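*Asks:* Okay, handing you the structure first.
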Amino acid sequence: MAWFNLSPVQVLLIEDDTEAAGLLVRGLRESGFTVEHAADGREGLARALQGQFDLIVTDRMLPHLDGLTIIERLRARGSGTPVLVLSALGSVDDRIRGLKAGGDDYLTKPFAFAELLARIEALLRRRPNAPSATRLQVEDLEFDLLERRVTRGGRELELTAREMKLLEFLMRRAGQLVTRTMLLEGVWDLHFDPQSNLIDVHISRLRQAIDRGSDHPLIHTVRGSGYVLRSDN
Amino acid sequence: MRPALFNTTAFRLSVGYTLLVTLAVGVTLGSAYLLTESLITDEVDLIIDTELKSLEEKYARSGVSGVTDEINLRIDSWGRIGAVYMLADANFERIVGNVAHWPFDGMPTEAWPEFDIATIEPGRRAVHPVRAAVRTLPGGDLLLVGTDISQGRRFAEKFRFATLSGIGLSTLAAALAGFWFSFRLARRVGEVTRTCQRIMAGESGRRLPVAGANDEFDALAASVNRVLDRLEEQAGTLRATFDSTAHDLRAPLQRLRARMDALLLRSPPLEPAVRDSIEGALRELDHLQRTLATLLQIALAESGTPLAAPAAVDVGELAAELVELFEPVAGAQGLQLACSHELPAIVQGNRQLLAQLLTNLIENGLKYVPAGGRIEVAVRKLADRVSLIVSDNGPGIAAEDRSRAGQPFVRFGGADKQEGSGLGLSLAAAIVRLHRGRLALESNEPGLRVVVDLPA
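As given, the protein sequences belong to chains Z and Y, one line each in that order. Residue -3 is where the first sequence starts when you use the working numbering, and the numbers rise one by one after that. Residue 7 is where the second sequence starts when you use the working numbering, and the numbers rise one by one after that.
Below is the structure:
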């Protein structure tokens, strides 16, 4: 993960469960982030407004100030810092899901640390107002978004509409870890976890179509976490 | 749906009420009219009869000349206003009287014949109706006595006009009052109905309007509002309980997970055997987490809290998407998964929950139907609802077990070895209830047929 070695990424973690917070802080520091911790909503908002953070990770339920209220107050003050909300299981409502539309994200507890890292990475890479590309390219894999045409090494690939959507999602995040939950949310708009290994089967179909007969597979499985589409060179 | 005004009880009541008013006024005024009219004619008839009798007596005593004198006397002295006399011979030629010609064609057949006479009054010609009686005198002469009944007629006409206007006006007044009454009633009841529908649709903060008139509607609205306040308060408490329960349960799970994650991230890396068992434990944790999430979802759905912020969801489209999502997995298991749907099949609900419903029903099929089997998802659009049927040709559920199948942790047919919490169908049933629909388990002969009915 060379991209954040240039200057350390500043993360503010707002979490009232001290033990969970301690583990998260340690994990994030080990992953190369500079982390500050606030133990309640009021303190969290104050710190968020004072410091220069690249990202804020906040619990949904906090003493004094709720995580969603913190976002509202931040936005009201003109701050565009991306926020990742950690929400308790069983309470993923539309207000939480609406975060995605505003450029923020949420994660349901309990979550795997790899999932958290993948979400953080996705939020940091997100460029607001990026010009909407009409072509995506990774190595010799090309996706013409206007004509909905995919070619690998000049050879046209036949993909279903859903496979194209899946590929577009991966190509837009080329080089980033993409988890199964991110795919379910982003490609199928499903915000719950089906039991079956659905995503694996869809990815393996896509992989068949794209990497079959190629010396340079582009879709890689990251053990226990998800997938990444990148050139190995 | 707002019922048309004509279809309300109030409207029907007021139509009946109007008819009753019309009938009552009609009978009262009509009988008064008839009674008055007959009183007037009876009086006229009595006078004519009396005069005829006295003239007949005169004839008996002093013959034609006596009657002639008497008639002339009566005409000249203006004894009675509007009196008409005539004595004619057997050929209907006038002997004496204040009428120019015999007014009838020969002998009138009725007892009280009527005719018109034209008179010249100062400045205008007038036609006066006359009611008369004719007697044949012993000598063959004819004696006619009549009375100008134009005054009585005018009175009767006025009376009739007043009667009809009375009936018309009171009908109109009753109809207007009834219409106004039923309109007001329909509007207030309609307000209550609409508010209740909006509350059912998820606007739990809405209350019935209290007009401030202190009437029975205000009393009703106030009581209903108190009930709604109580329900909302309870739902709020329930939600808070769920939230804190969820919070309390996920905290230790989160810590457990974080500790295990930390182990996996450690450098130098763990031995492969240790790593494998930690990953195995993490999978168990995932399972536990899913079961917990499902249980909380069922509890929340069953708590009676209305669906938050429902939106239009096309169940047909959703079914097609999920079948497409599951199709590769089904194919890998050697199962056929097919979808037939009608578009659009719109339901007011929560897309995520409906997707979860479809997912659970499809996964249920994937779990129980052996390789080579078939699972079908069918969505039909009916008049006011959407029917969703997921059927398979697997082992099905025995009739005596079907009622038990919606209960948590119930599994059938050796499925205990398989993965799954046994919560799939009970969550499905809870989601359907939350959408005010019905879920029934039927035999697909062979196999299972889950029939879901969702109000549109």
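For every residue, glycine included, the Cβ atom is placed at its ideal position computed from N, Cα and C. Predicted model, so just to flag it, every value in this text is computed and none were measured.
Ignore the nearest five residues each way along the sequence and tell me which others in G378 (chain Y)'s own chain have a CB closer than 7 Å to its CB.
*Replies:* For the purposes of this step, residue 378 (chain Y) is taken as residue 372 along the second sequence, with counting starting at 1. Hits under 7 Å: G340.
*Asks:* Run down chain Y in chain order and give the residues with a C-beta less than 7 Å from the C-beta of V197 (chain Z).
*Replies:* Here residue 197 (chain Z) corresponds to residue number 201 of the first sequence, with the count starting at 1. Chain Y residues near V197 (chain Z): P334, V335, A338.
*Asks:* Please report the distance separating the alpha-carbon of F187 (chain Y) from that of A217 (chain Y).
*Replies:* Residue mapping note: residue 187 (chain Y) aligns to position 181 of the second sequence, counting from 1. Residue mapping note: residue 217 (chain Y) aligns to position 211 of the second sequence, counting from 1. F187 (chain Y) and A217 (chain Y) have their alpha carbons spaced roughly 16 Å apart.
*Asks:* Kindly indicate if chain Z contains any beta-carbon less than 7 Å away from that of D267 (chain Y).
*Replies:* Here the question's residue 267 (chain Y) lines up with position 261 in the second sequence. With 7 Å as the cut-off, D267 (chain Y) counts as an interface residue toward chain Z.
*Asks:* H33 (chain Z) by DSSP, collapsed to three states: which one?
*Replies:* Within the first sequence, the letter at position 37 stands for residue 33 (chain Z). Looking at H33 (chain Z) - three-state DSSP - the assignment turns out to be strand.
*Asks:* Taking L291 (chain Y) and L343 (chain Y) to be in contact with their CB atoms under 8 Å, please state how far apart those CB atoms are, rounded to whole angstroms.
*Replies:* As a working mapping, residue 291 (chain Y) is identified with position 285 in the second sequence. As a working mapping, residue 343 (chain Y) is identified with position 337 in the second sequence. Incorrect: roughly 30 Å between the Cβ atoms, too far for contact.
*Asks:* To the nearest angstrom, how far is the alpha carbon of F109 (chain Z) from that of R245 (chain Y)?
*Replies:* Numbered from 1 along the first sequence, position 113 holds the residue referred to as residue 109 (chain Z). Numbered from 1 along the second sequence, position 239 holds the residue referred to as residue 245 (chain Y). Near 28 Å, if we compare the C-alpha coordinates of R245 (chain Y) and F109 (chain Z).
*Asks:* Between T487 (chain Y) and L214 (chain Y), is the Cβ-Cβ spacing less than 7 Å?
*Replies:* Residue 487 (chain Y) falls outside the range modelled here, since chain Y spans only 7 to 462, and no answer is possible.
*Asks:* Report back the beta-carbon spacing between R137 (chain Y) and T153 (chain Y) to the nearest angstrom; my notes put them in contact at under 8 Å.
*Replies:* Counting from one through the second sequence, the residue named residue 137 (chain Y) turns up at place 131. Counting from one through the second sequence, the residue named residue 153 (chain Y) turns up at place 147. 6 Å between Cβ atoms; contact.
*Asks:* Hey, is P190 (chain Z)'s beta-carbon within less than 7 Å of any beta-carbon in chain Y?
*Replies:* Taking the first sequence and counting its residues from 1, the one referred to as residue 190 (chain Z) is at position 194. Taking Cβ atoms only, chain Y reaches closer than 7 Å to P190 (chain Z), which makes this a yes.
*Asks:* Let me see if you follow: with CB-CB separation under 7 Å, is H253 (chain Y) close to chain Z or not?
*Replies:* Your numbering for residue 253 (chain Y) matches position 247 in the second sequence. Yes, because at least one Cβ of chain Z sits closer than 7 Å to the Cβ of H253 (chain Y).
*Asks:* Given a cut-off of 7 Å, decide if V385 (chain Y) and A325 (chain Y) are closer than it, judged by their beta-carbon atoms.
*Replies:* Here residue 325 (chain Y) refers to the residue found at position 319 of the second sequence. Here residue 385 (chain Y) refers to the residue found at position 379 of the second sequence. When the beta-carbon positions are compared, A325 (chain Y) and V385 (chain Y) come within less than 7 Å of each other.
*Asks:* The stretch 26 to 40 of chain Z: which residues have C-beta closer than 7 Å to a C-beta of chain Y, in chain order?
*Replies:* E26
*Asks:* Expressed to the nearest angstrom, what Euclidean distance is found between the alpha-carbon atoms of Y65 (chain Y) and L143 (chain Y)?
*Replies:* The sequence position of residue 65 (chain Y) within the second sequence is 59, counting from 1. The sequence position of residue 143 (chain Y) within the second sequence is 137, counting from 1. Rounded to the nearest angstrom, the two C-alpha atoms are 8 Å apart.
*Asks:* Do the CB positions of T177 (chain Y) and L35 (chain Y) come within less than 7 Å of each other?
*Replies:* Against the second sequence, residue 177 (chain Y) aligns to sequence position 171. Against the second sequence, residue 35 (chain Y) aligns to sequence position 29. Contact flag unset, no.
*Asks:* For L447 (chain Y), decide whether its Cβ has a neighbour in chain Z, counting only Cβ atoms nearer than 7 Å.
*Replies:* Taking the second sequence and counting its residues from 1, the one referred to as residue 447 (chain Y) is at position 441. With 7 Å as the cut-off, L447 (chain Y) does not count as an interface residue toward chain Z.
*Asks:* Helix, strand or coil for A384 (chain Y)? Go by DSSP, reduced to three states.
*Replies:* Your numbering for residue 384 (chain Y) matches position 378 in the second sequence. Correct three-state label for A384 (chain Y): strand.
*Asks:* Under 7 Å Cβ to Cβ from A361 (chain Y), same chain only, skipping five residues before and after it: list those, please.
*Replies:* Reading the second sequence from its first residue, position 355 is the one you call residue 361 (chain Y). Excluding sequence neighbours, A361 (chain Y) sits near L324, L328.
*Asks:* Go ahead and pull the three-state DSSP assignment for F121 (chain Y).
*Replies:* Numbered from 1 along the second sequence, position 115 holds the residue referred to as residue 121 (chain Y). Correct three-state label for F121 (chain Y): strand.
*Asks:* Quick one: give me the first and last residue of the alpha helix (DSSP H) that Q240 (chain Y) is part of.
*Replies:* Position 234 of the second sequence, counting from 1, holds the residue named residue 240 (chain Y). Start and end: 222 to 271.
*Asks:* In its own chain, which residues sit with a C-beta less than 8 Å from the C-beta of T56 (chain Y), not counting the 5 before and 5 after it?
*Replies:* Within the second sequence, residue 56 (chain Y) is the residue found at index 50, counting from 1. Result list for T56 (chain Y): empty, nothing under 8 Å.
*Asks:* Quick one: any contact between the stretch 220 to 238 of chain Y and the stretch 42 to 54 of chain Y, if contact means 3 or more CB pairs under 8 Å?
*Replies:* no
*Asks:* Apply the 10 Å Cβ neighbour rule to Q482 (chain Y) and answer buried if 16 or more other Cβ atoms are within range, or exposed otherwise.
*Replies:* Any property of residue 482 (chain Y) remains undetermined from this structure, which presents chain Y solely from 7 to 462.
*Asks:* Give a yes or no on whether the C-beta atoms belonging to D398 (chain Y) and V383 (chain Y) are separated by under 7 Å.
*Replies:* Position 392 of the second sequence, counted from the first residue, corresponds to residue 398 (chain Y). Position 377 of the second sequence, counted from the first residue, corresponds to residue 383 (chain Y). If you check the CB distance, D398 (chain Y) and V383 (chain Y) do not come in under 7 Å.
*Asks:* For the alpha helix (DSSP H) that contains P4 (chain Z), what are its first and last residues?
*Replies:* In the first sequence, the residue the question calls residue 4 (chain Z) occupies position 8. Here P4 (chain Z) belongs to no alpha helix (DSSP H), and DSSP marks it neither H nor E.
*Asks:* Taking the alpha carbon of L149 (chain Y) as the reference point, which residue from Y:H253, Y:G103, Y:A405 has its own alpha carbon closest?
*Replies:* Mapped onto the second sequence, residue 149 (chain Y) falls at position 143. Nearest C-alpha to L149 (chain Y): Y:G103.
*Asks:* Does E323 (chain Y) come within less than 7 Å of chain Z when only Cβ atoms are used?
*Replies:* As a first step, residue 323 (chain Y) must be located in the second sequence, where it is residue number 317. Not closer than 7 Å to any Cβ of chain Z, the Cβ of E323 (chain Y) fails to qualify, so no.
*Asks:* Can you find a CB in chain Y that lies within less than 7 Å of the CB of L194 (chain Z)?
*Replies:* The sequence position of residue 194 (chain Z) within the first sequence is 198, counting from 1. Yes, its Cβ sits closer than 7 Å to a Cβ of chain Y.
*Asks:* Under a Cβ-count criterion, where at least 16 other Cβ atoms within 10 Å of its own Cβ denotes burial, should N13 (chain Y) be classed as buried or exposed?
*Replies:* Within the second sequence, numbered from 1, the residue matching residue 13 (chain Y) stands at position 7. Label assigned to N13 (chain Y): exposed.
*Asks:* Secondary structure at M92 (chain Y), three-state DSSP: helix, strand or coil?
*Replies:* One-based indexing of the second sequence puts residue 92 (chain Y) at position 86. Strand, per DSSP.
*Asks:* Quick one: using the 10 Å Cβ neighbour count with 16 as the cut-off for buried, is D235 (chain Y) buried or exposed?
*Replies:* Sequence index remark: in the second sequence, residue 235 (chain Y) carries index 229 (1-based). Classification of D235 (chain Y): exposed, given that the 10 Å Cβ count is below 16.
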